[in-house]
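**Student:** Got a structure here, written out as structure tokens. Questions coming.
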Amino acid sequence: MTTVVLLGPPGSGKGTVSEALVEKGFSHVSTGDMLREQIRLKTPLGVEAKKRLDQGKFVSDDIAMQMIEGLLEDADVDQKFLFDGFPRTLVQAEKLDELIRTKNLILEAVILLECPNDQLVERLSGRQTCEQCGAVYHLSYKPSAVDGICDQDGGELKSRTDDVAETVRKRLEIYTERTAPLIDYYLEKGLIHSVDASRSFEKVRHDIAVKFG
Ligand SMILES: [Zn+2]
């Protein structure tokens with residue numbers, strides 16, 4: 000089993016990179032999605048996680064590890080994973096190293112998407128979503144034909160409250176704070192593959208496809 004870890008701030012194009020890698024045969028593993036599924040199914044793990052989230056806490060390292068271990072137990076030997084949202088803390092990174100030693104898992108690279116904060120704020124704060132069909136537009140990059148109206152169904156376009164510039168800046172600060180120790184950890188191991196994510200998503204996608212093809 001092989002895995003690639005994806006690190007990148009909101010707005011850096013993690014979705015684009017994930018798509019490119021899925022096309023190359025990687026299974027996209029989003030711990031956030033896995034967790035929502037556990038909560039929906041009300042598994043013991045999901046119930047425990049929901050309790051923490053309701054209290055405004057992050058999900059514990061144990062819960063994240065249980066999900067990843069469960070996943071690896073059911074995996075084929077030749078499977079390739081893309082970890083998105085894991086590891087999130089140094090403790091999780093160290094536990095991942097333990098899995099690498101005990102489960103025959105190879106950590107191929109840690110993709111680090113780098114983009115100046117001002118650009119991320121511009122990308123994120125211009126986002127608009129159709130209230131009816133969920134189509135996503137952007138004031139600068141992908142504007143609708145008629146201002147505030149969805150091209151597909153005439154639905155009203157709204158900005159999410161967490162896409163407002165000030166909230167976006169706060170989210171980016173939190174990301175930087177939490178991720179810095181992980182970046183150092185993997186730099187030291189020589190595993191960081193840094194990608195200039197300030198370029199167009201097409202260019203980033205192409206680079207990833209070439210590197211991990
Ligand atoms: Zn629509």
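For the sequence shown, position 163 (counting from the first letter as 1) is numbered 162 according to numbering that gives the first Met the number 0, and the numbering increases by one without interruption.
Beta carbons: idealized from backbone N, C-alpha and C, even for Gly.
Given the structure is predicted, the values throughout are model-derived calculations rather than measurements.
#1: Measure how close the beta-carbons of residue 156 and residue 118 come, nearest whole angstrom, since I'm counting them as under 8 angstroms.
#2: Below 7 angstroms CB to CB, which residues in the same chain sit around residue 24 once its five sequence neighbours on both sides are set aside?
#3: Using beta-carbon positions only, say whether residue 67 and residue 47 come within less than 8 angstroms of one another.
#4: How far does the beta strand (DSSP E) with residue 127 in it extend, from its first residue to its last?
#5: CB-CB under 7 angstroms to residue 136, same chain, minus the five flanking residues each way: which ones, in chain order?
#6: Does the stretch 76-94 touch the stretch 35-54, meaning 3 or more C-beta pairs lie closer than 8 angstroms?
#7: For residue 127, is the beta carbon positioned less than 7 angstroms from some heavy atom of ligand 1?
#8: At the level of alpha carbons, what is the spacing between residue 178 and residue 7?
#9: Give the secondary structure of residue 138 by DSSP, where H, G and I count as helix, E and B as strand, and everything else as coil.
#10: Consult DSSP for residue 17 and reduce its assignment to one of helix, strand or coil.
#11: Would the C-beta of residue 12 count as close to ligand 1, meaning under 7 angstroms from any of its heavy atoms?
**Tutor:** In brief:
#1: Locating residue 156 in the sequence shown gives position 157, counting from the first residue. Locating residue 118 in the sequence shown gives position 119, counting from the first residue. Between residue 118 and residue 156 the Cβ distance is about 22 angstroms, and since that is not below 8 angstroms, they are no contact.
#2: In the sequence shown, the residue the question calls residue 24 occupies position 25. Within the same chain, 79 come within 7 angstroms of residue 24 by CB-CB distance, once the 5 residues on both sides are set aside.
#3: Here the question's residue 67 lines up with position 68 in the sequence shown. Here the question's residue 47 lines up with position 48 in the sequence shown. No, they are not a contact pair.
#4: Your numbering for residue 127 matches position 128 in the sequence shown. Start and end: 126-129.
#5: Translated into positions along the sequence shown, residue 136 becomes position 137. Closer than 7 angstroms at the Cβ level, and outside the excluded window around residue 136, lie 127, 142, 143, 156.
#6: no
#7: Position 128 of the sequence shown, counted from the start, is the residue given in the question as residue 127. No, ligand 1 has no heavy atom inside 7 angstroms of this Cβ.
#8: Reading the sequence shown from its first residue, position 179 is the one you call residue 178. Reading the sequence shown from its first residue, position 8 is the one you call residue 7. Distance between the alpha carbons of residue 178 and residue 7 is about 9 angstroms.
#9: As a first step, residue 138 is located in the sequence shown; it is residue number 139 there, counting from the start. Of the three classes helix, strand and coil, the one that applies to residue 138 here is coil, per DSSP.
#10: As a working note, residue 17 is residue 18 in the sequence shown. In the displayed model, residue 17 falls within a helix according to three-state DSSP.
#11: Taking the first residue of the sequence shown as position 1, residue 12 is located at position 13. No, the Cβ of residue 12 stays beyond 7 angstroms of every heavy atom of ligand 1.
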